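Colleague:
Number of protein chains: 2
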Amino acid sequence: MGGDHGPSILVPGVARAAETTPDLRFLLHGDQTELEAAAAKCKPLQGRCEIRHTERVIGMDEKAAQAMRRGKGTSMWNAIETVKSGEAAAAVSAGNTGALMAISKLQLRTVGEVRPPLVVDWPGEAGVTTVLDVGANVDCDAKRLLEYAIMGEAYHRAVHGVARPTIGILNVGAEDQKGHEDVREAHRLLRENDLGLDYRGFVEGSDFTKGVVNVIVTDGFTGNVALKTAEGTARFILAELRAALTSSLMSKAGALLASGPLKTLRDKLSPDPAAPLLGLNGLVVKSHGSATSKDFAGAVRLAANLARSDFAAEIDRNMKRLTAAVAADEAAPAAEGVSE
Amino acid sequence: MGGDHGPSILVPGVARAAETTPDLRFLLHGDQTELEAAAAKCKPLQGRCEIRHTERVIGMDEKAAQAMRRGKGTSMWNAIETVKSGEAAAAVSAGNTGALMAISKLQLRTVGEVRPPLVVDWPGEAGVTTVLDVGANVDCDAKRLLEYAIMGEAYHRAVHGVARPTIGILNVGAEDQKGHEDVREAHRLLRENDLGLDYRGFVEGSDFTKGVVNVIVTDGFTGNVALKTAEGTARFILAELRAALTSSLMSKAGALLASGPLKTLRDKLSPDPAAPLLGLNGLVVKSHGSATSKDFAGAVRLAANLARSDFAAEIDRNMKRLTAAVAADEAAPAAEGVSE
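Quick mapping for you: the protein sequence lines, in order, are chains R and L.
For what it's worth, numbering that gives the first Met the number 0 labels the leading residue of the first sequence as 0, then goes sequentially.
For what it's worth, numbering that gives the first Met the number 0 labels the leading residue of the second sequence as 0, then goes sequentially.
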């Protein structure tokens, strides 16, 4: 029921995913009449979806705290409940992000003490780089950065099919002594312990688009600023480009001749329409509120890929390694030259 | 003597600045023969420059610590010494940045306990936004952020002629409770005290190019990542654009017709060729090592503008306000609802 356009856009999105992934089945939560009408128009959904009626929905502008209090029985709540009960392998929503995170945490609980990060797939020269956290937790100590590394690695493998994703920690330079205490400590722990990860060292802001590693780990403050800076820069350049290309008759003609390639470029730079909520005991995928049917189909496929992968088991195994490594590290006397 | 090309490029740069700013006079430090030969070719310098001979120079790759130890008597050292003695109003160098910062701090000393930030003028929709710190100090508490605000404001007024520059603190959202403790504390101190600044509140990564404020303040970790992210994004987009525009004969013809505007765009995005070292008792301007004569002329003009302005006195006055405000704040009982 969520998103800017509701079932009239989202149900055809589910149908697109159904078409390309024949063994999926769906539970649609929300207003029966509306959902039935939308589903009736979609041939791939015939016999493969079941509607779970509720009249109650979470508003797009509702505060997370309020959504938690009065959420029970809403379409969002019911969808997540079917993940908790094991009836559904994953929940997909284009609704209120804060409410989705809050209700998911409440019902599914987080893995250990993990604070779920926000993750994005960043477009660049060598395909996408998975970046986390881009805004959920502004304060991140070394242990939290390592949890992000574990979750990001498993996510990148499940979604992009890279057998052994490489990992970097975002810093202001490549040398060991660069940066603040938290990144240096995370760097040291990754170097000194086998957490089952292919860690490559520190990376810089210029490496987001270079594709030097598959996964870049950072705190939610820096990650959020970096993401918004990149979006702002891209918007500025494309606006300047448009202005430059319409500044004279000659260049207008040029722009017309080059319009195909310019559209391809714009598409390449547009943000990823879906991302999972990581760190929960259960799969929940958030699709953009402004998702088109095509975007929402991508979110459904992402959920399916994650559900089929070993994602959860891999995270669980590496989290145990991390817990053991941190405990051993705290028990050991500080290595010479490490403490300041 | 510094920079990638030495006097053959830098001296003509000084001459360009001399031409447009008739009342400037120059002390050129370095190899007499080389400097005389370069200056002889530049008519605007006749009778307006004096050469101070030394054979010793700081290498472009020399470590700052080494440069400090053996720096005495080098061209860089001597130039800064004339600022210290009051003979010169400012020093301009295209040499080794780390060495320039170290020798400047050693000779000129910092204002109070200020740790000098790196500053850039960020191009955007509404002219440039001054951003600091972009990499000098990774750990910045609230007081340091406020020192940056004071220095950035005075710098922006002196260089860009804005009578009362507006200021924002970089954060992950605009609301008071967003972000980590240091930004919230700086925000509160600016709201509750009159530091002589036009503070507008929190800004986000997308605001660098939007020009919502004249000065954006952040810690050296986040600022460095943001700057490199923007540079990486711009490079990626321009490379993709080039590829897109040469992908077919049609678009090649289009690119040719639009080549003038595209060059203008590239120039607009290229980084500022000069920046002052802020927070010192004396003016030092750093020009890019790869500076052209035109770039170096810009660095000389920047130094002249700063020297003529009330820059130093304004910073001094506002720093005193800050010291008083912080002392009063620490003496006062914490306001209700502020402490966590």
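In this text, a Cβ means the ideal position worked out from N, Cα and C, and glycines have one as well.
Remember, it's a predicted structure, so these values are computed and weren't measured experimentally.
1. In this structure, how does DSSP classify L/GLU61 when only helix, strand and coil are distinguished?
2. Can you name the residues of chain L whose CB is closer than 8 angstroms to the CB of R/HIS287?
3. Once the 5 residues before and after R/PHE201 are set aside, which same chain residues still bring their CB inside 6 angstroms of it?
4. How is R/SER246 classed by DSSP in three states: helix, strand or coil?
5. Distance check for L/PRO11 and L/GLU18, CA to CA, integer angstroms please.
6. Would you mind stating whether R/SER286 and R/ALA273 have Cβ atoms separated by less than 7 angstroms?
7. Is the Cβ-Cβ distance between L/THR221 and R/VAL224 less than 7 angstroms?
8. Return the CA-CA distance between L/PHE295 and L/GLU86, expressed in angstroms with no decimal places.
9. Please state the DSSP three-state secondary structure of R/GLU230.
10. On the DSSP bridge list, what partners appear for R/VAL283?
11. Closest to R/ILE102 by CA distance: which of R/ALA303, R/ALA229, R/ASN77 is it?
12. Helix, strand or coil: how does DSSP classify R/GLY210 here?
13. Is any beta-carbon of chain R found at less than 7 angstroms from that of L/HIS186?
14. What in chain L is Cβ-close to R/ASP120, meaning under 7 angstroms?
15. Let me know if L/GLN31 comes out buried or exposed under the rule of 16 or more other beta-carbons within 10 Å of its beta-carbon.
16. Between which two residues does the beta strand (DSSP E) harbouring L/LEU196 extend?
17. If you draw a straight line from the alpha carbon of R/SER84 to that of R/ALA93, how long is it in whole angstroms?
18. Compare the C-beta of L/ASP138 with all C-beta atoms of chain R and state if any pair is closer than 7 angstroms.
19. With a CB to CB cut of under 7 angstroms and the five nearest residues on each side skipped, what residues in its chain are close to R/SER338?
20. Please report the distance separating the alpha-carbon of R/GLY126 from that of L/GLY204.
21. Taking all protein chains shown into account, decide if L/GLN106 is buried (16 or more other Cβ within 10 angstroms of its Cβ) or exposed.
22. Are three or more beta carbon pairs between the segment 153-164 of chain L and the segment 176-192 of chain R nearer than 8 angstroms?
23. Determine which residues share a DSSP beta bridge with R/ALA274 and list them.
24. Is L/LEU144 near the ligand MN, in the sense that its beta carbon is under 6 angstroms from a heavy atom of that ligand?
25. For R/LYS83, which residues in chain L fall below 9 angstroms Cβ to Cβ?
26. Identify every residue that forms a DSSP beta bridge with R/PRO11.
27. Which of helix, strand or coil does DSSP assign to R/THR217?
28. When we look at the beta-carbon of R/LYS227 and count the other beta-carbons within 10 Å, is it buried (16 or more) or exposed?
Modeller: According to the data block:
1. Within the second sequence, the letter at position 62 stands for residue 61 of chain L. If DSSP states are grouped into helix, strand and coil, L/GLU61 belongs with coil.
2. For the purposes of this step, residue 287 of chain R is taken as residue 288 along the first sequence, with counting starting at 1. The contacting residues do not exist; R/HIS287 stays about 17 angstroms from chain L at best.
3. On the first sequence, position 202 is the one that residue 201 of chain R refers to. Counting only Cβ-Cβ distances below 6 angstroms, and skipping sequence neighbours, we find ILE168, ASN170, ALA173.
4. For the purposes of this step, residue 246 of chain R is taken as residue 247 along the first sequence, with counting starting at 1. DSSP places R/SER246 in coil when its eight states are reduced to three.
5. In the second sequence, counting from the first residue as 1, residue 18 of chain L sits at position 19. In the second sequence, counting from the first residue as 1, residue 11 of chain L sits at position 12. About 10 angstroms.
6. Walking along the first sequence from the start, residue 286 of chain R turns up at place 287. Walking along the first sequence from the start, residue 273 of chain R turns up at place 274. Closer than 7 angstroms, so yes.
7. The count along the second sequence starts at 1 and reaches residue 221 of chain L at position 222. The count along the first sequence starts at 1 and reaches residue 224 of chain R at position 225. For L/THR221 and R/VAL224, yes; Cβs fall inside 7 angstroms.
8. Walking along the second sequence from the start, residue 295 of chain L turns up at place 296. Walking along the second sequence from the start, residue 86 of chain L turns up at place 87. Counting only the Cα atoms, L/GLU86 lies some 21 angstroms from L/PHE295.
9. Counted from its first residue, the first sequence places residue 230 of chain R at position 231. R/GLU230 falls in the helix class under three-state DSSP.
10. Locating residue 283 of chain R in the first sequence gives position 284, counting from the first residue. Bridge partners of R/VAL283: R/ALA90.
11. Stepping through the first sequence from its first residue, residue 102 of chain R is reached at position 103. Ranking the options by Cα distance to R/ILE102, first place goes to R/ASN77.
12. Taking the first sequence and counting its residues from 1, one reaches residue 210 of chain R at position 211. R/GLY210 falls in the coil class under three-state DSSP.
13. The residue given as residue 186 of chain L occupies position 187 in the second sequence. No, no contact with chain R.
14. Here residue 120 of chain R refers to the residue found at position 121 of the first sequence. Going along chain L, no residue has its Cβ under 7 angstroms from R/ASP120, so there is no contact; the nearest lies around 15 angstroms.
15. Position 32 of the second sequence holds residue 31 of chain L. Flag for L/GLN31 reads exposed.
16. As a working note, residue 196 of chain L is residue 197 in the second sequence. According to the DSSP assignment, L/LEU196 belongs to no beta strand (DSSP E), since it is labelled neither H nor E.
17. Sequence index remark: in the first sequence, residue 84 of chain R carries index 85 (1-based). Sequence index remark: in the first sequence, residue 93 of chain R carries index 94 (1-based). Each residue's alpha carbon lies about 21 angstroms from the other.
18. Translated into positions along the second sequence, residue 138 of chain L becomes position 139. Yes, because at least one Cβ of chain R sits closer than 7 angstroms to the Cβ of L/ASP138.
19. Residue mapping note: residue 338 of chain R aligns to position 339 of the first sequence, counting from 1. Only weak support is given to the placement of R/SER338: the predicted model assigns it a pLDDT of 45, under 50, and the value that follows is read from those uncertain coordinates. Same-chain partners within the cutoff: there are none.
20. One-based indexing of the first sequence puts residue 126 of chain R at position 127. One-based indexing of the second sequence puts residue 204 of chain L at position 205. Between R/GLY126 and L/GLY204, the C-alpha separation is close to 23 angstroms.
21. Stepping through the second sequence from its first residue, residue 106 of chain L is reached at position 107. Under this definition L/GLN106 is a buried residue.
22. no
23. Your numbering for residue 274 of chain R matches position 275 in the first sequence. Looking at the DSSP assignment, R/ALA274 forms a beta bridge with R/LYS285.
24. Ligands in the displayed structure: none, and consequently the ligand MN is not present.
25. Sequence index remark: in the first sequence, residue 83 of chain R carries index 84 (1-based). Residues of chain L passing the Cβ test: none, with the nearest at roughly 30 angstroms.
26. Stepping through the first sequence from its first residue, residue 11 of chain R is reached at position 12. Answer by DSSP bridge pairing: none, since R/PRO11 is not bridged.
27. Stepping through the first sequence from its first residue, residue 217 of chain R is reached at position 218. Three-state result, R/THR217: coil.
28. Mapped onto the first sequence, residue 227 of chain R falls at position 228. Result: buried.
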